[in-house]
Amino acid sequence: DTGVSQNPRHKITKRGQNVTFRCDPISEHNRLYWYRQTLGQGPEFLTYFQNEAQLEKSRLLSDRFSAERPKGSFSTLEIQRTEQGDSAMYLCASSPLQGTSGTSPKDTQYFGPGTRLTVL
Amino acid sequence: LAKTTQPISMDSYEGQEVNITCSHNNIATNDYITWYQQFPSQGPRFIIQGYKTKVTNEVASLFIPADRKSSTLSLPRVSLSDTAVYYCLVGDMGYSSASKIIFGSGTRLSIRP
Chain A
503 DTGVSQNPRH
513 KITKRGQNVT
523 FRCDPISEHN
533 RLYWYRQTLG
543 QGPEFLTYFQ
553 NEAQLEKSRL
563 LSDRFSAERP
573 KGSFSTLEIQ
583 RTEQGDSAMY
593 LCASSPLQGT
603 SGTSPKDTQY
613 FGPGTRLTVL
Chain B
219 LAKTTQPISM
229 DSYEGQEVNI
239 TCSHNNIATN
249 DYITWYQQFP
259 SQGPRFIIQG
269 YKTKVTNEVA
279 SLFIPADRKS
289 STLSLPRVSL
299 SDTAVYYCLV
309 GDMGYSSASK
319 IIFGSGTRLS
329 IRP
């Protein structure tokens, strides 16, 4: 399977603990995105990387959240001192830089299955 | 910021054609319209993308009027497996801020036998 993978798929933790999630994008994709999704809502943008550079961070990404993509391949999202409000599905997506021709889709994002975080 | 408005939910029956309309009154010149499908406990999946007029692929068609202030996703002959949430996104897809691409709450489509 050459799609986007995320680990772990589920994580249960106690409030105050640190958690780290990993995302492995499609190998030739330059861009990697992190989203958070709560029940009944669409994904909310958190941050994105182009290769190893973190180009944007949402205001949703508090100081307790940090993301890295050290070699421009896989990425990690760490949440420090978790709070119950952090409970959500964390989605990773990757995309090529842009469509290769005028008619191919622009920046189509390919999503992983997500990591469901429950903070007790 | 090109915000989109979609119906919260829709119901239909197997074999019917389903049309989901999305309003995006302040779409910008460089913006594309993209639709994603999401099943429970899975990440969204790209369905179709267009800029103007009509686009068709193996799973759906996308109709965009000349003023581009709305778009309609058309699913022909739906089946039970088309039950999902459908998101309409508007943005220039990679040429500017990724944070400006907003999923919204989507349309929850339920297909009945």
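The listed protein sequences correspond, in order, to chains A and B.
If you read the first sequence in our numbering, its first letter stands for residue 503, the second for the next number, and so on.
If you read the second sequence in our numbering, its first letter stands for residue 219, the second for the next number, and so on.
Every residue gets a Cβ at the ideal spot worked out from N, C-alpha and C, and that includes glycine.
Beta carbon proximity, residue i to chain A, threshold 8 Å
| i | result |
| --- | --- |
| Ser292 (chain B) | no |
| Arg330 (chain B) | no |
| Ile319 (chain B) | yes |
For residue i, the three-state DSSP class (helix, strand or coil)
| i | result |
| --- | --- |
| Thr605 (chain A) | No answer about Thr605 (chain A) holds up, because its pLDDT of 48 lies below 50 and its placement is not dependable. |
| Leu563 (chain A) | coil |
| Asp229 (chain B) | strand |
| Leu622 (chain A) | coil |
| Gln234 (chain B) | coil |
| Gly309 (chain B) | strand |
| Ser297 (chain B) | coil |
| Asp588 (chain A) | helix |
| Val506 (chain A) | coil |
| Gly616 (chain A) | coil |
| Leu579 (chain A) | strand |
| Asp249 (chain B) | coil |
| Ile528 (chain A) | coil |
Neighbour-count burial assignment, residue i, 16 or more Cβ in a 10 Å radius
| i | result |
| --- | --- |
| Leu548 (chain A) | buried |
| Phe257 (chain B) | exposed |
| Ala555 (chain A) | exposed |
| Ala569 (chain A) | buried |
| Thr252 (chain B) | buried |
| Arg295 (chain B) | exposed |
| Thr617 (chain A) | buried |
| Arg571 (chain A) | buried |
| Leu534 (chain A) | buried |
| Leu622 (chain A) | exposed |
| Gly233 (chain B) | exposed |
| Ser564 (chain A) | exposed |
Test item: CB-CB of residue i and residue j under 8 Å
| i | j | result |
| --- | --- | --- |
| Gln260 (chain B) | Ile238 (chain B) | no |
| Leu593 (chain A) | Pro527 (chain A) | no |
| Gln543 (chain A) | Ser328 (chain B) | no |
| Ile245 (chain B) | Val303 (chain B) | no |
| Thr655 (chain A) | Glu580 (chain A) | Missing from the structure shown is residue 655 (chain A); chain A here goes from 503 to 622 and no further. |
| Ser577 (chain A) | Phe613 (chain A) | no |
| Ser297 (chain B) | Cys240 (chain B) | no |
| Thr610 (chain A) | Phe264 (chain B) | yes |
| Thr584 (chain A) | Thr540 (chain A) | no |
| Ala595 (chain A) | Val506 (chain A) | yes |
| Lys287 (chain B) | Asn243 (chain B) | yes |
Closer than 8 Å to chain B by CB, residue i
| i | result |
| --- | --- |
| Phe613 (chain A) | yes |
| Ser507 (chain A) | no |
| Ser603 (chain A) | Here Ser603 (chain A) scores only 46 on pLDDT, less than 50, and its place in the model should not be relied on; the value that follows carries that caveat. Answer no: the Cβ-Cβ gap between Ser603 (chain A) and chain B never drops below 8 Å. |
| Leu534 (chain A) | no |
| Thr578 (chain A) | no |
| Phe567 (chain A) | no |
| Gln543 (chain A) | yes |
| Phe523 (chain A) | no |
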